[in-house]
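Enquirer:
In the numbering used here, the protein residues as written are 15 to 276.
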């Protein structure tokens with residue numbers, strides 16, 4: 015993605031590499047980290063949604079699933095209204111299961127179900143940050159973390175969000191003392207989030223964070239529809255594979271074996 019003075023631009027060739035499925039009903043994309051989903055004022059090729067609409071030459075595609083800027087993985091577009099309606103109804107009726115892969119700080123030794131409501135963090139310098147709250151404005155939230163591999167310093171985990179609150183996986187990971195690697199907001203210093211907005215990735219950040227984005231990947235979505243079950247999978251991205259090899263000591267063949275059993 016070539017840089018501009020205001021961000022990144024997707025090229026058609028890159029987008030083709032990210033497309034996992036493109037048929038009459040859906041467009042499935044493996045979104046890289048550091049690319050926004052929503053249309054941007056900086057032109058269609060500066061967001062995933064805009065780039066996909068330019069690529070398909072259609073204004074009829076509907077964004078069904080979306081991800082934070084730094085999260086990689088499954089982004090699903092419905093290519094007509096009927097398909098969009100079916101998928102959105104499944105989401106509203108909680109007939110959709112999502113599986114993420116995350117790299118956590120420290121060793122998570124056993125499966126952990128976090129059942130802790132989330133609400134605005136009124137003590138934070140970042141207004142968009144959520145935290146576990148026992149009173150006041152909050153929403154129920156449950157997340158299951160299952161360790162897949164650990165070297166003591168880091169843990170590769172399968173994450174199943176049972177509810178779908180804002181920043182849920184990241185906030186709950188911080189709550190249990192195993193924040194997601196590279197997380198500027200829910201990590202060792204929330205000030206890094208504001209620094210990144212102001213200055214981008216810097217040498218100072220590289221000394222604090224072992225990865226230039228948070229290590230969270232949307233791996234799988236399963237829709238239970240009236241017409242049957244539809245499963246969508248986005249393979250782990252190259253930067254997280256490299257981190258697993260270099261920092262976790264997890265060879266790619268072993269990583270592939272672990273993921274294949276999910």
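Where is the CB? At the ideal position from N, CA and C, for every residue including glycine. The structure presented is a predicted model; accordingly, all values stated were derived computationally and were not measured.
Please report the straight-line C-alpha distance between residue 220 and residue 240, rounded to a whole angstrom.
Expert: Taking the first residue of the chain shown as 1, we reach residue 220 at position 206. Taking the first residue of the chain shown as 1, we reach residue 240 at position 226. Taking the straight line from one Cα to the other gives about 48 angstroms.
Enquirer: Just tell me which of 238, 116, 145, 235 has its CA closest to the CA of residue 10.
Expert: With the chain covering 15 to 276 only, the question about residue 10 has no answer from this structure.
Enquirer: On the criterion of 16 or more Cβ atoms from any shown chain inside 10 Å, does residue 182 qualify as buried, or is it exposed?
Expert: The count along the chain shown starts at 1 and reaches residue 182 at position 168. By the neighbour-count rule (16 or more Cβ atoms within 10 Å), residue 182 is buried.
Enquirer: Buried or exposed for residue 96, please, with buried defined as at least 16 other CB atoms from any protein chain shown within 10 angstroms of its CB.
Expert: Residue 96 sits at position 82 when you count from the first residue of the chain shown. Exposed is the call here.
Enquirer: Hey, residue 132 and residue 186: beta-carbon distance below 9 angstroms or not?
Expert: Numbered from its first residue, the chain shown carries residue 132 at position 118. Numbered from its first residue, the chain shown carries residue 186 at position 172. Result yes, Cβ atoms of residue 132 and residue 186 sit closer than 9 angstroms.
Enquirer: Quick check: what's the CA-CA separation for residue 29 versus residue 244?
Expert: Residue numbering aside, residue 29 sits at position 15 when the chain shown is read from its first letter. Residue numbering aside, residue 244 sits at position 230 when the chain shown is read from its first letter. Rounded to whole angstroms, residue 29 to residue 244 spans 23 angstroms at the Cα level.
Enquirer: Residues in the same chain with beta-carbon distance under 7 angstroms from residue 229, minus the five sequence neighbours each way, listed in chain order, please.
Expert: Working through the chain shown from its first residue, we reach residue 229 at position 215. Taken in chain order, the residues that qualify are 116, 117, 194, 195, 196, 254, 257.
Enquirer: Leaving out five residues on either side along the sequence, give the residues of the same chain with a beta carbon under 6 angstroms from the beta carbon of residue 19.
Expert: Within the chain shown, residue 19 is the residue found at index 5, counting from 1. Only weak support is given to the placement of residue 19: the predicted model assigns it a pLDDT of 39, under 50, and the question is left unresolved by the model.
Enquirer: Here's the rule: buried if 16 or more other CB atoms are within 10 angstroms of the residue's CB, otherwise exposed. What is residue 260?
Expert: Numbered from 1 along the chain shown, position 246 holds the residue referred to as residue 260. Exposed is the call here.
Enquirer: Would you call the region 268–276 in contact with the region 102–109, where contact means no fewer than 3 C-beta pairs closer than 8 angstroms?
Expert: With a cut-off of 8 angstroms, the region 102–109 and the region 268–276 do not count as touching, because too few Cβ pairs lie within range.
Enquirer: Terminal residues of the continuous beta strand (DSSP E) containing residue 88?
Expert: Working through the chain shown from its first residue, we reach residue 88 at position 74. Where residue 88 is concerned, the enclosing beta strand (DSSP E) stretches over 86–92.
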